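Q: So the sequence shown is numbered by the working numbering: it starts at 185 and just counts up by one. Heads up, the beta-carbon is just placed ideally off N, CA and C, and yes, glycines get one too. Since this is a predicted model, take the numbers as computed values, not measurements.
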Amino acid sequence: MHLFQPLLAGATLPGRLIACVGAVIGIALTIIVCSGLPPLGPDLPIIVAPLGASAVLVFAVPASPLAQPWSVVGGNVLSTLVGVAMFQAIPSLPLAAGCAVGGAILVMSLARCLHPPGGAAALTAVIGSQGIHAAGFAFAFAPVAINSIALVALGMFFHRATGRSYPHEPAVIPPTPVALIQPEDVDAALEDMHDSFDIAREDLDMLFAHAERHARARVGSARGG
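1) Counting only runs of 4+ residues fully inside the stretch 252-289, write out the alpha helix (DSSP H) ranges in chain order.
2) Give the straight-line distance between the Cα atoms of Val291 and Ser332, rounded to the nearest whole angstrom.
3) Can you check whether the CB of Ala251 is closer than 9 angstroms to the CB of Met270?
4) Give the DSSP-derived three-state secondary structure of His317 in the structure shown.
5) If I measure Cβ to Cβ from Leu235 and keep anything under 8 angstroms in the same chain, skipping five residues before and after, which residues do I get?
6) How long is the line joining the alpha carbons of Val310 and Leu228, rounded to whole angstroms?
7) Identify whether Met185 lies in helix, strand or coil by the three-state DSSP scheme.
8) Looking at C-alpha atoms only, which residue of Ala288, Gly339, Leu197 is the closest neighbour of Val208?
9) Using CA atoms only, rank isn't needed, just tell me which of Trp254, Pro327, Gly315, Ile316 is closest to Leu294.
10) For the alpha helix (DSSP H) that contains Phe341, what are its first and last residues?
11) Count the other C-beta atoms from every protein chain shown that fall within 10 angstroms of the C-beta of Val205, then say buried if there are 16 or more, exposed otherwise.
12) CA-CA distance, Gly312 and Ile274?
13) Considering Cα atoms alone, identify which of Ser248, Phe321, Ile216, Ala237 is closest to Pro354.
14) Looking at C-alpha atoms only, which residue of Glu375, Val232, Glu368, Ser349 is the closest neighbour of Val242?
15) Classify His352 as helix, strand or coil using the three-state DSSP reduction.
What follows is the structure, encoded as structure tokens:
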């Protein structure tokens with residue numbers, strides 16, 4: 185039995201340990217940076233809890249579309265704005281909370297910045313402290329936007345220092361002689377499965393191109409042997 189069995193394809197134990205170090209540095213420095221700013225207001229946190237979930241994405245799965253800079257900043261900020269709007273418009277707390285999260289998913293999807301911690305940011309705007317409620321829409325910018333921008337900036341520096349690509353740039357598909365699987369085949373397969381996957385469409389093309397190259401090499405080696 186292996187001590188480390190990755191849940192996500194391509195994950196390795198050394199990579200996860202690097203992610204742990206990145207999260208430690210990212211969250212700690214975000215708090216230090218934000219604590220040096222002028223006071224945001226009474227009863228407002230220096231850092232919001234959803235940023236912990238953002239750090240998991242930024243440092244553990246930096247290639248994920250959900251972890252890209254616009255997803256982190258846009259997702260957290262827009263979701264918080266939705267949460268504040270729902271809290272102010274809907275008297276029922278349970279209904280406001282539900283509408284905040286559902287509305288956040290819709291707005292993030294339309295703005296192409298789907299980010300799971302955004303749901304928590306929207307919920308925080310509804311069930312948060314009196315200070316958060318008193319701040320109103322300003323809460324989305326201080327501290328949420330400031331926290332998110334600081335984390336993304338630190339993530340960029342950390343990943344460059346450790347040899348990773350962030351923001352993630354899909355690699356160019358290597359040329360292959362008459363590839364059997366074409367992009368339209370991948371699109372058709374995705375429609376058949378009726379699911380969403382945490383991988384960019386371009387990375388899927390690259391994955392299949394590499395797989396086909398290895399398959400051709402394997403078949404050629406077997407024939408040659």
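A: If we stick to the structure as given:
1) 253-273
2) On the sequence shown, position 107 is the one that residue 291 refers to. On the sequence shown, position 148 is the one that residue 332 refers to. In a straight line, the C-alpha of Val291 is about 18 angstroms away from that of Ser332.
3) For the purposes of this step, residue 270 is identified with residue 86 of the sequence shown, where counting begins at 1. For the purposes of this step, residue 251 is identified with residue 67 of the sequence shown, where counting begins at 1. Cβ atoms of Met270 and Ala251: not closer than 9 angstroms.
4) The count along the sequence shown starts at 1 and reaches residue 317 at position 133. His317: helix per DSSP, three-state reduction.
5) Along the sequence shown, read from residue 1 onward, the residue named residue 235 stands at position 51. Closer than 8 angstroms at the Cβ level, and outside the excluded window around Leu235, lie Ile211, Thr214, Asn260, Pro301, Asn331, Ser332, Leu335.
6) Within the sequence shown, the letter at position 126 stands for residue 310. Within the sequence shown, the letter at position 44 stands for residue 228. Near 14 angstroms, if we compare the C-alpha coordinates of Leu228 and Val310.
7) Along the sequence shown, read from residue 1 onward, the residue named residue 185 stands at position 1. Only weak support exists for where Met185 lies, its pLDDT of 46 falling under 50; the coordinates are left without a value.
8) Residue mapping note: residue 208 aligns to position 24 of the sequence shown, counting from 1. Minimum Cα distance to Val208 is reached at Gly339.
9) The count along the sequence shown starts at 1 and reaches residue 294 at position 110. Among Trp254, Pro327, Gly315, Ile316, the Cα nearest to that of Leu294 is on Trp254.
10) Start at 1 with the first residue of the sequence shown, and residue 341 comes out as number 157. That run of the alpha helix (DSSP H) goes 330-345.
11) Counting from 1 along the sequence shown, the entry for residue 205 is found at position 21. With fewer than 16 other Cβ atoms within 10 Å, it is exposed.
12) As a position in the sequence shown, residue 312 is number 128, starting the count at 1. As a position in the sequence shown, residue 274 is number 90, starting the count at 1. The alpha-carbon atoms of Gly312 and Ile274 are separated by roughly 15 angstroms.
13) As a first step, residue 354 is located in the sequence shown; it is residue number 170 there, counting from the start. Considering only alpha carbons, the answer is Ser248.
14) One-based indexing of the sequence shown puts residue 242 at position 58. Closest option to Val242, Cα to Cα, is Ser349.
15) Here residue 352 refers to the residue found at position 168 when the sequence shown is read from its first residue. DSSP places His352 in coil when its eight states are reduced to three.
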